[in-house]
Structures are given as C-alpha cells and as structure tokens.
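Step one of this worksheet: look at the structure below.
In the numbering used here, the protein residues as written are 3 to 352.
Okay, structure coming up:
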C-alpha cells in the first residue's frame, strides 16, 4: 500500500473551498462543495471525498460542470418540484432543493423533487440526514449514464445508482442507509488505484467484459445481489431520468459513444408527525436498534451495527486523529494548489 498523510479536517475544508473558489465557483457554493467532500472523508466515505477534486476541476474545464449554473425551478406545487440544474455542482443544487423540500413537507406532509442535469452529488446520505435532523424521513436517489452490467450482460447497461434513506432517532441517533446498487462504488475502485492495492474479485469487469482485480483497468461494475441490484438500478432510472424526459441509459446504449457525465436525481421528504407522534416514533427507533443489537452475534464481530453506525465511529476517530489521504492523491491536490497559488503547507494534522 502506498504512503498516507493525515490532514486537519477544518483546514482541509478551507483548502478545498479555496480550490473551487479559484476555479470559478462562487465562494458560498465553493463552501458547499467543500462541505460535502469533507463530510464524506470524515465518515470514511473516502470514495466521495477530496479524491474527487481533480475530476471535478477537469469537468469545469471541459464544460461538463457549470461553476455558475442558472438553476431553474420549472414546476413548483405544494408538494413537488421539478428542477433544471444547468450542470450545477451536485451539492450546490441538491442541498438547496433539500432545504426547500423540508419546508414543503412541514406543511404538506410529504414532498418530492426531480432534479435534471446536475453533476456528481457526493455522498447521498448527507441529504437524507438533513431531513432526519429535521425530524423527518429523507430519501435520495441518483442516476447517471451506465457504468454497471445488468445481470446477464458483460457490458455497461445501467448505472450503479445509489439510494439513501435516513430516519430520525432520539438524540440524533439516526439510522442512515447509504448504498450503491453495485457491489462496490466506482469511487472505491478509484481509491484502490490511488492506494496501489487490488480490488476483490467480483467487483468489476475490464473494458472487454472480463473479471479483473486490477483497479486501473476495472471499468464495468457488477450489481449487488445480481438481479436485485440490477433491477433496482433500472427502476431508479425510471423514476429519475424518465420523469424529467432526460433518459440516460437508452441514450448511452443507442449512441454507442463514450459516456459523458451527467446526473438526474430524486429527493423525497416525509413528515413523520403527519402520520404518528414524532417522539413516539423516535422511541420506537431506539427500541428497534436495541432489539437488533440484542440478537446473538456471529464469532467474527464484536457488535451488530446499524446502517450508518460505522461511519459515526470513524467520524469520532477522524475528528481527533485527522483525515487520511493517500500520498498519490495529496500530490495531485498539492499540484493543483500550486497552480492556483494556494498554500497547502498548513493542512497537515498536527
């Protein structure tokens, strides 16, 4: 494994914000973009952390990501939103829309937004947890052009669309599921390449459809649970891309051209208090957690974990010990900083 350095979280966030700001992103939006990346790194979701920065900057340079988008609410009802994101940095539009949905759900009981033409939205659990923090259920789903082989194929035909569902618990002890429909997220394969390690067998295929453990040639992801992950990915395309008349799967397959990055997504919020007493619901969440944890454990684990719980433990550790960054990733970020005349010397954890 290649060497690792440790970065101070607040300083790394400011460093990241400055990179985006000096790359043409307005300062408030640059802060949002940095917030999502550091949020992921702090929780061990390194595949969606600062390693994404070089790719994001390439997208800005190529016109794939619009640093100053004209975000338009095309349709607005008491419970729904249809949003044209204009290739916005994903966190910028998605955080804004999630706030609006929480406000709508506080009145209507439920709210739903379809977002068209955004770019990588980061760790989707961030948005569903925004709703959980407000005492509501949050659901977030995103689709992109195909990068995963549907069951029975050796070619990319669906996207490994992630879904996150978060529910509120007592004292913010929320349950948050955040998962891709592939066995492993594409960012994890990229991270393995950065670290100089192989990926497990069964994660991906090479461009010719052959199984591989080399992250440098792994191109086609494989679905979690075979037809289950494949089927979920297909249905997510139906409720995201097709709902905004912006099909990604069929466009990619029919064109037979290299895929260009773009995303469509759904964010939904349910106001629990419109269905049951919120505090009683939170108490029932606590009982559910305790019940599951009381079950007999297998010999390989110390504790039964809830979805999102490992990330909480990593968060507590990294706040104290710093965020680990592969040296190869840091070298890229340092070179970017030098180009943009940004001081990177004070980012390291002391």
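Glycine included, C-beta positions come from ideal geometry on N, C-alpha and C. What you are looking at is a predicted structure, and each value in this text was computed from that prediction instead of being measured.
In DSSP terms, what residue i is bridged to
i           : result
residue 265 : 120
residue 140 : 168, 271
residue 326 : 8
residue 114 : 82, 270
residue 240 : Residue 240 is not bridged to any residue.
residue 160 : 150
residue 346 : Answer is none; residue 346 lacks a bridge partner.
residue 77  : 84
residue 278 : DSSP lists no partner for residue 278.
residue 207 : 213, 222
residue 180 : 166
residue 90  : 120
Beta-carbon gap between residue i and residue j smaller than 9 Å
i           : j           : result
residue 62  : residue 26  : yes
residue 297 : residue 138 : no
residue 310 : residue 127 : yes
residue 34  : residue 97  : yes
residue 247 : residue 13  : no
residue 104 : residue 130 : no
residue 338 : residue 21  : yes
residue 174 : residue 134 : yes
residue 266 : residue 118 : yes
residue 177 : residue 205 : no
residue 226 : residue 270 : no
residue 243 : residue 234 : no
residue 79  : residue 95  : no
Nearest residue (CA-CA) to residue i, options the options
i           : options            : result
residue 160 : 90, 231, 79, 22    : 231
residue 146 : 175, 92, 64        : 92
residue 163 : 187, 32, 170       : 187
residue 220 : 241, 156, 269, 268 : 156
residue 69  : 165, 31, 44, 37    : 31
residue 124 : 77, 85, 58, 170    : 58
residue 354 : 308, 170, 240      : Because the chain is modelled from 3 through 352, residue 354 falls outside the range shown and cannot be assessed.
residue 111 : 81, 204, 119       : 81
residue 43  : 275, 282, 328      : 328
residue 140 : 317, 268, 292      : 268
residue 292 : 279, 307, 281      : 307
residue 189 : 56, 71, 76, 299    : 56
residue 318 : 5, 41, 24          : 41
residue 5   : 207, 197, 23       : 197
residue 255 : 218, 143, 150      : 150
residue 331 : 72, 84, 195, 180   : 195
residue 172 : 142, 281, 253      : 281
residue 207 : 142, 158, 257, 335 : 158
Residue i burial status per 10 Å Cβ neighbour count (16 or more: buried)
i           : result
residue 107 : buried
residue 11  : buried
residue 315 : exposed
residue 74  : exposed
residue 321 : exposed
residue 89  : buried
residue 86  : buried
residue 99  : buried
residue 36  : buried
residue 274 : buried
residue 64  : exposed
residue 148 : buried
residue 136 : buried
residue 48  : buried
residue 333 : exposed
residue 287 : buried
Whole-angstrom distance between residue j and residue i, CA atom to CA atom
i           : j           : result
residue 224 : residue 216 : 14 Å
residue 116 : residue 301 : 44 Å
residue 263 : residue 312 : 30 Å
residue 15  : residue 52  : 9 Å
residue 324 : residue 351 : 6 Å
residue 229 : residue 236 : 10 Å
residue 191 : residue 60  : 19 Å
residue 29  : residue 153 : 44 Å
residue 199 : residue 261 : 26 Å
residue 277 : residue 54  : 40 Å
residue 213 : residue 346 : 39 Å
residue 102 : residue 239 : 23 Å
residue 193 : residue 202 : 13 Å
residue 114 : residue 343 : 42 Å
residue 259 : residue 132 : 37 Å
residue 299 : residue 289 : 18 Å
residue 24  : residue 38  : 18 Å
residue 304 : residue 77  : 50 Å
residue 218 : residue 179 : 29 Å
residue 209 : residue 165 : 26 Å
residue 9   : residue 257 : 43 Å
residue 222 : residue 122 : 18 Å
residue 144 : residue 326 : 27 Å
residue 253 : residue 245 : 15 Å
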